[in-house]
Amino acid sequence: ENSYCYQLLQELDKQRKSGILCDVNIVVSGQVFRAHKNILVAEP
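Take the position in the sequence shown, starting the count at 1, then add 63; the result is the number in our numbering.
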């Protein structure tokens, strides 16, 4: 399962970096961070 979780997070990070399916923008001190809403609401 750890391998699956790692691969999933790697793929989501690739999508985030390329802006694919990012549905939230967080702005901090003028810097924009794109994110996946489903990751922000997920509990560890």
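Cβ coordinates follow ideal geometry from the N, Cα and C atoms, glycine included.
Ile83 sits in coil when the DSSP states are folded into three classes, being neither helix nor strand. In this model, Leu75 and Lys100 are separated by some 11 Å (Cα to Cα). Shown here for Asp86: same chain residues with a beta carbon closer than 6 Å to its own, the five before and five after excluded, namely Lys100 in chain order.
The alpha-carbon separation between Ile89 and Arg97 amounts to approximately 6 Å.
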